[in-house]
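Each residue of the sequence shown is one higher than the one before, starting from 10 at the first, in our numbering. Quick reminder that beta carbons are idealized off the backbone N, C-alpha and C, glycines included. For reference, the structure is listed below as C-alpha cells.
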Amino acid sequence: MPIETDSAHAGALRAVDDAIERAWEADRFTLEGGLRAGLAEGTGAVPSPASREVFQRYGPPLAALVRRYAGPGPDRLPDAAEREATAAALHGMIADLVRDLVAVGAVSPGPVVAEADPYESPTLHRAVHDVHHVVERKDAAPGKDEAPAVPDRSPGAAARRREQRAERALKQAERTIDAVDWDLVDEQNQMLLAQIRIDQRIAVLWLSGHELLVLGQGNTGYAAIAGLTGVPEAGVHIASLQRGPVTGFLRRTATARLAGVPEQEQEAVTAAFLAYGVQASFAARSRWDG
10 MPIETDSAHA GALRAVDDAI ERAWEADRFT LEGGLRAGLA EGTGAVPSPA SREVFQRYGP
70 PLAALVRRYA GPGPDRLPDA AEREATAAAL HGMIADLVRD LVAVGAVSPG PVVAEADPYE
130 SPTLHRAVHD VHHVVERKDA APGKDEAPAV PDRSPGAAAR RREQRAERAL KQAERTIDAV
190 DWDLVDEQNQ MLLAQIRIDQ RIAVLWLSGH ELLVLGQGNT GYAAIAGLTG VPEAGVHIAS
250 LQRGPVTGFL RRTATARLAG VPEQEQEAVT AAFLAYGVQA SFAARSRWDG
C-alpha cells in the first residue's frame, strides 16, 4: 500500500538533508544519484516506471539546489539571503515532487503538511543528529520553556548516521533492481549484440552483486539501473563495449572489447557475455566512458 503524503514529504526532506551533508565531498553525478536513491527510499514511493520517471526528472534540479544551499565548502557558505531563497525553492520543489508521486499513484493522498519552517541543515550548523527541526510542523515546535535538544556531534553518531543512510540506499536499490523486467532486458541485450556494427560503441552497465548486464542506453532497464550509480552499495559499474571481429572455427565466435570493467569483475563479466555467445576482452577506461 502506498505511503501517505505527510510521511512521504518528511522522508523527502530527510533525503535532501542527507544530500546536503554529502554536498562538499561528492561530485555532481554521485550527489544526484545518491539523492534520487534517498528520495525513493525516504518517500516510500511504490517502485514503478512512472515513479522512477518522477525521481529522474526531479533529481538534477534538486541536486543543483542542494549544491547552491551548501555552497562551495564549510568556509565559503552562501549568505543568509541566498540560503533563505534556496531553502524556499527546496521546499517548493519537494512539495511538487510529492504531488507528482501522488498523481502517478506511488504515494497515497493525505493531509498536506503545514508550512515548513525555514530549512536549516545540521551539516551547515556543525551538528550530526536526526533532523527533527526539518520535518516537524510549526504547531509541533517546542514551547518557549522547553530546552532545545542537544545535538549529538560525536564521531560515533556520525558513523551511525552514515551507516543508516547506506542501509536505506541499499534497500531502495534492491527494490529498484527487483522492479526491472530482466527477461525483457535479456531479450534486448541479445538483439543489440546481434545488430551492433563493428564501428559502434555502446554503454554497458554491470551489477556486480547480481551478475546482471544491461546493454545500451535504449534498454528498458538502463535508466533505472544507471540511477543507482550514486549508491556504491548497489555495485553498479559503467563501461562501454565495441564489437570485435568474428573469429574461431568457421568464424562463428563473436567478440567484443569492453572498456572500464574493474579487474576484479572481469571473470564474471566474461562468463556473462559467454552466455550470449560472445567472447569478451578488456581494456582500460577510456575518455568516452567518463
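Candidates the options, of which the one nearest residue i by Cα
i, options, result
"A263", "R206, E91, G230", "R206"
"T256", "T229, A289, G225", "A289"
"G218", "A235, G244, W191", "G244"
"D109", "A233, Q173, A21, Y285", "A21"
"L267", "L222, E242, Y231", "L222"
"V293", "T279, A277, V278, P271", "It should be noted that the sequence gives Ala, not Val, for residue 293. It is P271 whose Cα lies nearest to the Cα of A293."
"F38", "F291, G225, P70, A90", "P70"
"Y285", "Q273, R77, L201, D208", "L201"
"D26", "V287, P241, L283, R171", "R171"
"E34", "A19, G82, Q209", "G82"
"Q251", "R66, R210, A104", "R210"
"L283", "E220, T95, D105", "E220"
"A175", "P241, L224, A19", "P241"
"A90", "R77, G101, A168", "R77"
"P254", "G269, I234, A235, D208", "D208"
"A235", "E30, A94, R85, Q65", "Q65"
"A19", "E30, R169, I103, E93", "I103"
"L224", "Q173, A281, D105, R92", "A281"
Coil, strand or helix - residue i by DSSP
i, result
"L268", "Residue identity differs from the one stated: residue 268 is Ala in this sequence, not Leu. DSSP places A268 in strand when its eight states are reduced to three."
"V213", "strand"
"T256", "strand"
"T185", "helix"
"Q226", "coil"
"A175", "helix"
"A149", "Confidence at A149 is low in this model, with a pLDDT of 40, below 50, so its placement is unreliable and the value that follows should be read with caution. The answer is helix: DSSP assigns A149 an H, G or I state."
"V116", "coil"
"M200", "helix"
"M10", "Because the pLDDT of M10 is 44, which lies under 50, any placement of that residue in the model is unreliable, and the number read from its coordinates should be weighed accordingly. Here M10 sits in coil by DSSP."
"L250", "strand"
"L40", "helix"
"V245", "strand"
"L221", "strand"
"V25", "helix"
"A289", "strand"
"G20", "helix"
"H142", "Low local confidence applies: a pLDDT of 36 at H142 is under 50, so the model's placement there is unreliable, and no value is given."
"V137", "Any reading at V137 must be qualified, since the residue scores a pLDDT of 33, below 50, and its modelled position is unreliable; the value itself is stated next. Note: V137 maps to coil in three-state DSSP."
"A35", "coil"
"A94", "helix"
"I207", "coil"
"T262", "strand"
"T238", "coil"
"R170", "helix"
Within 7 Å, strictly: CB atoms of residue i and residue j
i, j, result
"G51", "A24", "yes"
"A28", "V75", "yes"
"G42", "T229", "no"
"L44", "G68", "yes"
"A73", "A32", "no"
"A232", "A46", "no"
"A188", "P56", "yes"
"A203", "Q226", "no"
"Q181", "A49", "yes"
"W215", "V278", "yes"
"F291", "Q273", "no"
"T14", "V107", "yes"
The region 108 to 120 touching the region 54 to 61, judged by at least three CB pairs closer than 8 Å:
yes
Ordered list of alpha helix (DSSP H) runs contained in the region 44 to 90, each at least 4 residues
58 to 79
Quick test of the definition: if touching needs 3 or more C-beta pairs under 8 Å, does the region 244 to 254 touch the region 189 to 197?
When C-beta atoms of the region 244 to 254 are compared with those of the region 189 to 197, fewer than three pairs fall below 8 Å, so the two segments do not count as touching.
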